[in-house]
Amino acid sequence: MKDLNTIPKRDWNKTIEHVEEYRGKTLRIYSVKPQAHIIGVTQPVGLLEGYSADAILVKAFEKNYKTPAKPKVVEKYGFEQMHGEPLELVSFQYEFIFDRAIEAEMNRYRHNSKNYESSRYVDPFKHGLTVVFPDDVQTDFQKEEFIKIDVLEAFKNYTDAIVNYGAKKQSARRRLGTYQAVESVFSINLRSLWHMARQRSAELSPNGREAEPQIGDIMTQAVYAVEPYLPQFYSTLLEQIGKGYR
Numbered sequence: 001m002k003d004l005n006t007i008p009k010r011d012w013n014k015t016i017e018h019v020e021e022y023r024g025k026t027l028r029i030y031s032v033k034p035q036a037h038i039i040g041v042t043q044p045v046g047l048l049e050g051y052s053a054d055a056i057l058v059k060a061f062e063k064n065y066k067t068p069a070k071p072k073v074v075e076k077y078g079f080e081q082m083h084g085e086p087l088e089l090v091s092f093q094y095e096f097i098f099d100r101a102i103e104a105e106m107n108r109y110r111h112n113s114k115n116y117e118s119s120r121y122v123d124p125f126k127h128g129l130t131v132v133f134p135d136d137v138q139t140d141f142q143k144e145e146f147i148k149i150d151v152l153e154a155f156k157n158y159t160d161a162i163v164n165y166g167a168k169k170q171s172a173r174r175r176l177g178t179y180q181a182v183e184s185v186f187s188i189n190l191r192s193l194w195h196m197a198r199q200r201s202a203e204l205s206p207n208g209r210e211a212e213p214q215i216g217d218i219m220t221q222a223v224y225a226v227e228p229y230l231p232q233f234y235s236t237l238l239e240q241i242g243k244g245y246r
């Protein structure tokens, strides 16, 4: 058993974009790319110890349909006929980083368990302000303008609220935009992952082309990350996502 005091921290590969002294505060602005990383996965124990997560699905459908444990049972009744309850028995734990706008999008999927960092406890003066560039901000010039006009001015307004008016962080944070990066931990079961990717991943699903690009990128990364843990059914998962949901 590993010491819980030594849990590793994620290096998000943030890039420093701007540093400025303002009203006695150091304003540091970083940027980061949206990311999805697996940090945990349902693993069989007991009778199925040593098997992949695929074995849970086979065993669940065997019990459900009183049929021999064959992979085709899962594909036929789980994916094809959408008898998805056993698919919910396999879950993946992710560490995400995306902006506050995508947080609102992700919250629409109510069946996931999730926990976000609280901006009430994140000190922008101590930790810096980290942003995700909008999808329409691509060139170096556009990024410089976005930092200068949108982010820096808002950060100064935030500082004014703290320094001039004695506002608390939880009130002053409203001066900052939805471009703020937020870290989170999610638990997403296989059925939910399939559903989300069908709606959001432009790379994997025809319906995903209608989605906002950042959440599409996140869901594509999330699907690719589970491949090592579903060696038997991963190709089926991709096939079903590729059919879309209409």
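With our numbering, the residue at position 201 of the sequence shown is 201, and numbering never jumps. Positions of the beta carbon are idealized from the N, C-alpha and C atoms, including for glycine.
- In the DSSP annotation of this structure, the continuous segment of the beta strand (DSSP E) that includes H18 starts and ends at 15-22.
- Judged by DSSP secondary structure, G216 falls within the alpha helix (DSSP H) whose first and last residues are 213-225.
- Sequence-distant partners of Q240 (beyond 5 residues in either direction) whose C-beta falls short of 7 Å from its own C-beta, in its chain, are F79, W194.
- Within the model, the alpha-carbon separation for G40 versus Y158 is close to 37 Å.
- Sixteen is the threshold: when 16 or more other Cβ atoms of the shown chains lie within 10 Å of the Cβ of G208, as they do, the residue is buried.
- Assigned with DSSP and collapsed to three states, L27 falls in strand.
- Within the same chain, Cβ atoms closer than 7 Å to the Cβ of Y245 are found at R198, Q199, N207, the five residues on either side in sequence being excluded.
- In the assembly as shown, I7 is an exposed residue. Its beta-carbon has fewer than 16 other beta-carbons within 10 Å.
- Following the DSSP letters along the chain, one finds K114 inside the beta strand (DSSP E) bounded by residues 113-116.
- Here V45 is exposed, its C-beta having fewer than 16 other C-beta atoms within 10 Å.
- About 11 Å separates the CB atoms of Q214 and I97; that is not less than 8 Å, and the two are not in contact.
- DSSP places I7 outside both helix and strand once states are collapsed to three, so it counts as coil.
- With fewer than 16 other CB atoms across the displayed protein chains lying within 10 angstroms of its CB, D136 is exposed.
- In the DSSP assignment, T130 forms a beta bridge with Y30.
- One thing to note: L190 has its Cβ within 8 Å of the Cβ of V90.
- Following the DSSP letters along the chain, one finds D160 inside the alpha helix (DSSP H) bounded by residues 153-163.
- Fully contained in the segment 35-77 are the following beta strand (DSSP E) runs of length 3 or more, in chain order: 35-41.
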